[in-house]
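As they're listed, the protein sequences go chains P and H.
Anchor point for the first sequence: position 88 equals 993 in this note's numbering, and the numbering is continuous, going up by one each time.
Anchor point for the second sequence: position 158 equals 1063 in this note's numbering, and the numbering is continuous, going up by one each time.
Built from N, CA and C at the ideal position, the CB exists for glycine as well.
All values derive from a computational prediction rather than experimental measurement.
Number of protein chains: 2
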Amino acid sequence: MARASSASRPCARDRILAAASELFYNEGVHSVGIDRIIAESGVAKMSLYNHFKSKDALIAAWLDEQHRGWRQWFQEAIARHAEASGESPLLAIFDALREWIEKPNFRGCAFINSAVELVDAEHPGYQITLDHQQAIADHILTLVKAANLPNPEDLAKQLLILMQGATVVAMMHGCPNAAGQAKAAAAVLIETASQ
Amino acid sequence: MARASSASRPCARDRILAAASELFYNEGVHSVGIDRIIAESGVAKMSLYNHFKSKDALIAAWLDEQHRGWRQWFQEAIARHAEASGESPLLAIFDALREWIEKPNFRGCAFINSAVELVDAEHPGYQITLDHQQAIADHILTLVKAANLPNPEDLAKQLLILMQGATVVAMMHGCPNAAGQAKAAAAVLIETASQ
DNA sequence: TAGTATATAGACAGACCTGTCTATATGGTA
DNA sequence: TACCATATAGACAGGTCTGTCTATATACTA
């Protein structure tokens, strides 16, 4: 277990990130201290600081990992839902969103939550939260343009607003059908834009 | 200045709440400690604990005060914008939202932010964040019903999603026109629902 | 087996936090 | 003026946090 190539147990770095991921998302980056992560991961404090320069660097690493994973999943889920339903990828966005919201540990968007908690734009993780949001907006715009709809920038922005709104409403209102309502609204906007 | 009736200086309690309000909203409830609030308000620590049982009680008092103030402002602003523009109160929601977003110290919704930070549903302030969100949803539903539109629950939910989404997009994307885009989308949804 | 890279457990220091408390000051009223 | 309610400044205690460090263990390779 001293080498990352061992197949029987994840390396220390991965165990730290896994523990941090669960704790940070469920409880927030400020409420979870280093000792909690150490206890959860079974990694020694010195190893943690060998892999990550500081707690802030760990937060940034977590956000970076989440950013990559979520982007990949988002694109894959949209394609999967679009294929399964035969509907436009623009509507499939909201099916993917619903799939995410319905996860048992859903507590909103890690990037929104972290931006709220970190506040400080100089924090090493803050820019990642913004990059993530921008990547979503860009992806939606790409899908809208691919659909050859007029005023793509406006429609993309409105769909982004619906998506972010459904995320927050699902979190704050315990609303199981926020994604469905957002999808219905998106359908109207897309239909109207097509005329 | 030992009595609240003094007209020359706010009483200690009000000064604490004013300082807490600014610091908590700008920097988050976890990042701001009691000593910061004491320094900002010029109130002695013992006075602070005479007025508020604990930091958590102060947070709850702040959220309660914000809840009352915001509700009042929201309804007044909608009425004001509806009268000035001659448009439906349902669209005026987004004019009021824009007015709020354009404030120089805008950093999203204090209730969403606090729900994210507090996490714990047992925290004395947590229920207030939920009550606040529910009050907004109820108010939107009331306006939709007053407009005699079909499927009021669905439309109200969609307008709520647009409103929350615009709030988050404005915060995360530095998007000055999120409220305007949400208003344009709302106009389409309302027009479609009317047919 | 020896050496090395990586790991473990956890003590430690200093900073910061929340809440308690002592001593004193201030302002209003009888 | 005396009394009382409320205020001030800030020391203090104990807990928690982040990051540094000592001592030791483990696993792999030559």
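Interface criterion met: the Cβ of H:Ala1090 is under 7 Å from a Cβ in chain P. Interface annotation for the segment 1048-1061 of chain H against chain P: Asp1059, criterion Cβ-Cβ distance under 8 Å. For H:Leu1054, no alpha helix (DSSP H) run applies, since DSSP gives it neither H nor E. In chain order, Met1077 and His1078 make up the part of chain H whose C-beta sits under 7 Å from the C-beta of P:Gln1038. DSSP places H:Pro994 inside the alpha helix (DSSP H), whose first and last residues are Pro994 to Ile1006. Cβ-Cβ separation between H:Ala1098 and H:Pro1029: approximately 39 Å, too far for a contact (criterion under 8 Å). The Cβ of H:Val934 sits no closer than 7 Å to any Cβ of chain P. Between the segment 1068-1081 of chain H and the segment 1057-1071 of chain P, the count of Cβ pairs shorter than 8 Å is three or higher; the stretches touch.
Going by beta carbons, P:Val934 and P:Glu1022 fall inside the 7 Å limit. When C-alpha distances from P:Val948 are compared across P:Ala925, P:Ser936 and P:Ala966, the shortest belongs to P:Ala925.
In the structure shown, H:Asn1010 falls within a coil segment according to DSSP collapsed to helix, strand and coil.
The beta carbon of P:Leu1048 sits closer than 6 Å to the beta carbons of Pro994 and Leu995 from its chain, once the five residues preceding and following it are set aside; these are given in chain order. Burial check for P:Asn1018: the Cβ neighbour count within 10 Å reaches 16 or more, so the residue is buried. Cβ contact annotation for P:Thr1034 (same chain, cutoff 7 Å, sequence separation greater than five): Leu968, Phe1016, Ser1019 and Ala1020, in chain order.
Listed along chain H are Met1077, each with a C-beta nearer than 7 Å to that of P:Ala1020. Listed along chain P are Val1073 and Met1077, each with a C-beta nearer than 7 Å to that of H:Ile1017. With its beta carbon at least 7 Å from every one in chain P, H:Gln1032 lies outside the interface. With its beta carbon at least 7 Å from every one in chain P, H:Gln1100 lies outside the interface. Closer than 7 Å at the C-beta level to chain P, one finds these residues of the segment 914-948 of chain H: Glu932, Gly933, His935 and Ser936.
If you look at H:His972, you'll find it in the alpha helix (DSSP H) that goes Lys960 to Ser990. Among the residues of chain P, none has a CB under 8 Å from the CB of H:Gln971; the nearest is roughly 15 Å distant. The beta-carbon of P:Leu1002 is placed no less than 7 Å from the nearest beta-carbon of chain H. Looking at the backbone, the Cα of H:Ile1006 and that of P:Lys950 are separated by about 43 Å. Here the alpha carbon of P:Arg914 sits roughly 9 Å from the alpha carbon of P:Arg920.
Using a CB distance cut-off of 7 Å, H:Gly1085 does not count as an interface residue toward chain P. From the listed residues P:Leu928, P:Ser990 and P:Gln1032, the smallest Cα separation to P:Ile942 is found for P:Leu928.
Cβ contact annotation for P:Tyr1031 (same chain, cutoff 7 Å, sequence separation greater than five): Ala1020, Leu1023 and Asp1025, in chain order.
The continuous stretches of alpha helix (DSSP H) do not include H:Phe957, and DSSP gives it neither H nor E. For the segment 952-978 of chain H, there are no residues whose beta carbon sits under 7 Å from a beta carbon of chain P. Note on P:Ala1051: under 16 other CB atoms within 10 angstroms of its CB, so exposed under the neighbour-count rule. Taking a Cβ-Cβ threshold of 7 Å, the residues of chain P close to H:Leu1065 are Val1074, in chain order.
Collapsing the DSSP output to three states places H:Val1021 in a helix.
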